[in-house]
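Asks: Protein chains in written order, with my numbering: chain D, 4 to 334; chain Z, 193 to 751. From the three backbone atoms N, C-alpha and C, an ideal C-beta is built for every residue, glycine too. It should be emphasised that the depicted structure is a prediction, and the values quoted were computed from it without experimental measurement. Next up is a structure, given as structure tokens.
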Amino acid sequence: MEQENIISKIKESGLSGRSGSGFPVASKWEAVKKEKAKKKYLVCNASEGELDTFKDYFILKNYSQKVIQGMKIAMETLSLSKGYIYLNANYFEELYDDLKSAIGKENIVIVKKKGGYIGGEETAVISVIEKGFPEPRSRPPFPAEKGLWGFPTLLHNVETFYFVAKIKEKNYRKTRFYSIWGDVSNRGVYELSENSTIRDVLGKTGNTPSFDYFLQAGGGGGGTIMLPDEIDIPFEGIASVIVYRQSKTDPYFLMKKWVNFLLEGNCDKCTPCREGLYRIMEMIERKDFKEIDEMFFVMEKTSLCPLGRVAVKPFQSLLEKIILQKHGNNH
Amino acid sequence: MEIIINEKKFKASPGETILEVAEKNGIKIPTLCHHPDVTIKESCRLCVVETKEGFLPACSTKVKEGMEIKTDTLETKSLRKTNLELLFSQHQEECFDCIWNQNCRMLDLAREYEVEINRFQDRKDHYPVYRFGSSLEFDSTKCIDCRNCIEVCQNQGVGFLEVRGRGHLMEILPSKKRDKDCIYCGQCILHCPAGAFEAVGEFEKIEDPFQKKDKTVVFQIAPAVRASIGEEFGLPYSASIMGKLVAALKELGGDKVFDVPVGADFTTVEEAKELLERIEKDNLPLFTSCCPAWVSFVEFYYPEFIPRLTSVRSPHIILGGLTKTIFARQKGISPEDVYVVSVMPCVAKKEEIEKEELQIEGVKPVDYVMTTREVGRLFKRHRLDFEKIKEEEIDHPFGEASSAGVAYGTSGGVMQSAIFNLTGQKPEFKEVKEGVREAKVRYREKELKLAVVHGLLNAKEVLEEMKENPRKYDYVEVMACHGGCIGGGGQPVPSCKKVIEERKKALCKASGKKEDFKPGENPGVKKVYAELLNSKEEISKLCHTSYKKRGKSPINKNK
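Here it is as structure tokens:
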């Protein structure tokens, strides 16, 4: 009874995954519940690999008890035998002791993240916990069917567990955490209504720019570039926004930063992402974008995992909205 | 279930991949990183097909009821073309010196998809070429990062090849760790779709044996070669090709061509003797040592098992020794004037012949090892029409081999021969798992526990078990490559389990044509023992060797 109860409460709440995928949380729980297996596992993904994004750090730093509570609820509800917290290596030293004491006697283990950005992709997370390489594999099967060591595995982002705990204590107010960075007065993480538009988030936190700007929403590596007249919509993907002042930002430098981040952070397994990014890097250096659409196309359509497929978004949007606007198609 | 490919309905079973269903029905989908014997890498992204869920790799995507698949749309074509161009951008072409020359999948696809091979500048042109011992070369300027080599190296229980670095600095390279070394099996060669691995001298040196005008050049042909050389010329596996091979080698300047299975009969006789001795002295278990990659593996990774290796030399080393002594004497020439070339399915043999322990009074029993692939290439270079060439008899200075001698080319052959020679029995082996077979045979009062193993990961498991339980087996045959020598690293490409199975059948057929007597009763063998191998010293000099613990070999790196 109690079991059904929490799942239906989550369903009623409409809580969706906070990793950026937006997948309904209750559906994942039901999928794991449905599977018949000797063992089932739980993973809390605290890899937070996006550039200039740190909302998971903020939650773990301030509300580790709540996160562990959320994990505990999942473990009890779905009879999961063991839990793992897959923790960003940069947070490890600072947060380990605190997390350890929050875990107490629960059967939850902390595992240090391996690899770059890709090390946070869910199938790569599973591979690392299994002591493999930080490399993704194709889905399906999804972790809920075949996750750790082939057993059904419930995998959520840190923030998702936090709100599961809130739902259980009837304290969920349809909010989410927003990470704000860049050329703003009040950088930080803020809890606001989950449907807030980007403009609202900037406004309510006292961060509305008074200069010409563009921003990046959805993460400093995979987020889309948006112009001031495009921001009256809620966030897609990760609730992260970075503000760039037009007069101070060199778009080529920005693209170089992304491409280096992605080349460092991808797994180098599939041709389009490994080689496509390398050629994009060359094109940025030469400031010659005649063939870049073809690279975008092949990455978006044939990359093995979501990283390669979404990696093109910031480049594509920056080129279209900023660079080509200013310099025309000759570049 | 039913699926739809290119608007036609096809039957499919749950669990099958799109690629499997397509191949079964003659629908071509291009692949490159795909090799039937390794895990699906889904990395080259050439096999993408269009579905309602987007573009999916055919190699790894399982079919679903009613799935609609398009394998050949304008978009798939253009995506494949770009991915091919990207693959070529990390692959420095060296087509004339490539083991895939004439059947290169990359080039075939380049033609099919109208690829601009040099569209992008080669990204890896400054990458190094590594040489491992006297056997293998890895040209990392050709590597397309599919990692099949890493997997097969791990599947050999070796793990000498590693990935280092990230992004465009990522590369595949030999391990610097002190406890990792190459054992020269050459499986990396067979599983690399880009031809980045090759045998040492595979292109530059194959003419060398024919330049020895002042010497008597003797070729000797390993059992497994007769089961595979025809592949180089598109001949059926069942083709009888020994006579053609002999004729072709002579045409190019070989003076004599001998048969390594004759040497195998000597190995059998000696190994059966050693087995008997060890049974009597209760000094078991005994391991075979014909496979030089296996010997390398023991010498480097498991030196504590060196005393368990039979001291008997491998067949081509014994035959080479006999050639340089008896044959040379008969011809009235000095051993230094005989140049022995072994034609082998193996690249580890290139390393083996350099071993000092094998020298007979300062002379190497075998001067050169040429692989099946190299011989094939040599004939093609000289435009020999292999199909038309008139067969010639192989030379038999030491008599003909027994059927057991020919069987050496496949996993189990050495063990069967030695046991047959000692006990007169041919035990039935039962497969315990892929690559491990067991049997028991009664001899005198004793029951001997036998195991036949191929694949070094299997061997490693057996060794680990035998550390705990030293008498788990009494006698173990190990071959490094799948299926034994027929699956060797010197064999033609493509090579996979299916092809190896065909070679096995061909070899059984060839073996079946030979006399089925005990190798020890082979008249030719008996004659040599009576005339030359009639003292312990002579036998030890020509038929036995020793092993030593081996440290990590230096990795030769150029560029």
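By the DSSP assignment, the alpha helix (DSSP H) with Z:I421 in it spans what residues?
Replies: Here Z:I421 belongs to no alpha helix (DSSP H), and DSSP marks it neither H nor E.
Asks: Between Z:G359 and chain D, is the shortest Cβ-Cβ distance under 8 angstroms, so that the two count as touching?
Replies: Taking Cβ atoms only, chain D reaches closer than 8 angstroms to Z:G359, which makes this a yes.
Asks: Answer yes or no: do Z:L224 and Z:R315 have a C-beta to C-beta separation smaller than 8 angstroms?
Replies: No.
Asks: Going by other Cβ atoms of all chains shown within 10 Å of its Cβ, with 16 needed for buried, is D:W32 buried or exposed?
Replies: Burial call: buried.
Asks: Please classify Z:Q313: does DSSP put it in a helix, a strand, or coil?
Replies: Three-state DSSP puts Z:Q313 in coil, outside helix and strand.
Asks: Give a yes or no on whether 8 angstroms exceeds the smallest Cβ distance from D:C273 to chain Z.
Replies: Answer yes: the Cβ-Cβ gap between D:C273 and chain Z drops below 8 angstroms somewhere.
Asks: Among residues of its own chain, excluding the 5 on either side of D:G52, which ones have a beta-carbon nearer than 6 angstroms to its beta-carbon?
Replies: Cβ within range, chain order: Y120 and G123.
Asks: Report the neighbours of Z:L278 on chain D: residues whose CB is nearer than 9 angstroms to its CB, in chain order.
Replies: Going along chain D in sequence order, the residues near Z:L278 (Cβ under 9 angstroms) are T274, P275, R277, E278, G279, Y281, R282, M298 and V301.
Asks: Tell me which residues share the same chain as D:Q328 and place their Cβ nearer than 7 angstroms to its Cβ, disregarding the 5 neighbours each side in the sequence.
Replies: Cβ within range, chain order: n/a, list empty.
Asks: Compare the Cα-Cα distances from Z:E267 to each of D:K324, D:T305 and D:L310 and report the closest residue.
Replies: Residue D:T305 is the option with its Cα nearest to Z:E267.
Asks: At 3 residues or longer, what runs of the beta strand (DSSP E) sit wholly inside the stretch 550 to 587 of chain Z?
Replies: Within the stretch 550 to 587 of chain Z, the complete beta strand (DSSP E) runs of at least 3 residues are 560 to 563.
Asks: Where Z:F411 and Z:Q551 are concerned, what is the direct C-alpha to C-alpha distance, given to the nearest angstrom?
Replies: Whole-angstrom Cα-Cα distance: 18 angstroms.
Asks: Out of Z:V561, Z:K696, Z:S703 and Z:F458, point me to the one whose CA is closest to Z:G716's CA.
Replies: Among Z:V561, Z:K696, Z:S703 and Z:F458, the Cα nearest to that of Z:G716 is on Z:F458.
Asks: Which chain Z residues are close to D:T305, counting only those with a beta carbon under 7 angstroms from its beta carbon?
Replies: Ordered by position in chain Z, the residues that pass the 7 angstroms Cβ test against D:T305 are R237, V240, F247, L271 and N275.
Asks: Please classify Z:L361 as buried or exposed, where buried requires at least 16 neighbouring CB atoms within 10 angstroms.
Replies: Classification of Z:L361: exposed, given that the 10 Å Cβ count is below 16.
Asks: Since Z:Y319 is in the beta strand (DSSP E), which residue starts that stretch and which ends it?
Replies: No beta strand (DSSP E) holds Z:Y319; DSSP gives it neither H nor E.
Asks: Reducing DSSP to helix, strand and coil, say where Z:Q403 ends up.
Replies: Helix at Z:Q403.
Asks: Using the Cβ count rule (16 or more neighbours within 10 Å means buried), how would you classify D:A92?
Replies: Counting Cβ neighbours within 10 Å, D:A92 comes out exposed, since fewer than 16 surround it.
Asks: By how many angstroms is the C-alpha of Z:M562 removed from the C-alpha of Z:V533?
Replies: Their Cα atoms are separated by approximately 7 angstroms.
Asks: Rounded to the nearest angstrom, what separates Z:V307 and D:E323 at their Cα positions?
Replies: Approximately 28 angstroms between the Cα atoms of the pair.
Asks: Relative to chain D, which residues along the stretch 298 to 317 of chain Z have a C-beta separation below 8 angstroms, given in chain order?
Replies: So the list reads F312 and R315, given in the order they occur along the chain.
Asks: Under 8 angstroms between C-beta atoms, does Z:E669 make it to chain D?
Replies: Chain D contact via Cβ: absent.
Asks: What does Z:E234 reach in chain D if we use C-beta pairs closer than 7 angstroms?
Replies: Here the neighbours are S141 and L307.
Asks: Buried or exposed, going by whether 16 or more other CB atoms sit within 10 Å of the CB of Z:C287?
Replies: So Z:C287 counts as exposed.
Asks: Check for me: the alpha helix (DSSP H) holding D:F191 runs from which residue to which?
Replies: For the sequence presented, residue 191 of chain D should be read as Gly rather than Phe. Premise fails: D:G191 lies in the beta strand (DSSP E), G191 to S196, not in any alpha helix (DSSP H).
Asks: Output yes or no for whether 8 angstroms exceeds the beta carbon distance between Z:C380 and Z:C345.
Replies: Yes, they are a contact pair.
Asks: Below 6 angstroms CB to CB, which residues in the same chain sit around D:V112 once its five sequence neighbours on both sides are set aside?
Replies: Same-chain partners within the cutoff: Y87.
Asks: Report the residue from D:S22, D:V204, D:P309 and D:I326 whose alpha carbon sits nearest the alpha carbon of D:T163.
Replies: Comparing Cα positions, the closest option is D:S22.
Asks: Verify the CB distance criterion: does Z:E212 have a CB-CB separation below 8 angstroms to chain D?
Replies: False, the Cβ-Cβ gap to chain D never drops below 8 angstroms.
Asks: To which residues does DSSP link D:S243 through a beta bridge?
Replies: Note: D:S243 sits in a beta bridge opposite D:S182.
Asks: Specify the secondary structure class of D:E347 as computed by DSSP and reduced to three states.
Replies: The requested residue 347 of chain D is not part of the displayed model; chain D covers only 4 to 334.
Asks: Answer with buried or exposed for Z:P537, where buried requires no fewer than 16 other C-beta atoms within 10 angstroms of its C-beta.
Replies: Per the 10 Å Cβ criterion, buried.
Asks: For Z:Q764, would you say it is in contact with chain D, using Cβ-to-Cβ distances shorter than 8 angstroms as the test?
Replies: There is no way to answer for residue 764 of chain Z, as the model of chain Z reaches only from 193 to 751.
Asks: Can you confirm whether D:G153, when its beta carbon is compared against all beta carbons of chain Z, has any partner nearer than 8 angstroms?
Replies: No, no contact with chain Z.
Asks: Pick out whichever of D:L321, D:S320, D:M302 and D:K116 has its Cα sitting closest to the Cα of D:R312.
Replies: Among D:L321, D:S320, D:M302 and D:K116, the Cα nearest to that of D:R312 belongs to D:M302.
Asks: By alpha-carbon positions, which one of Z:E730, Z:F489 and Z:S603 ends up nearest to Z:I678?
Replies: Nearest C-alpha to Z:I678: Z:S603.
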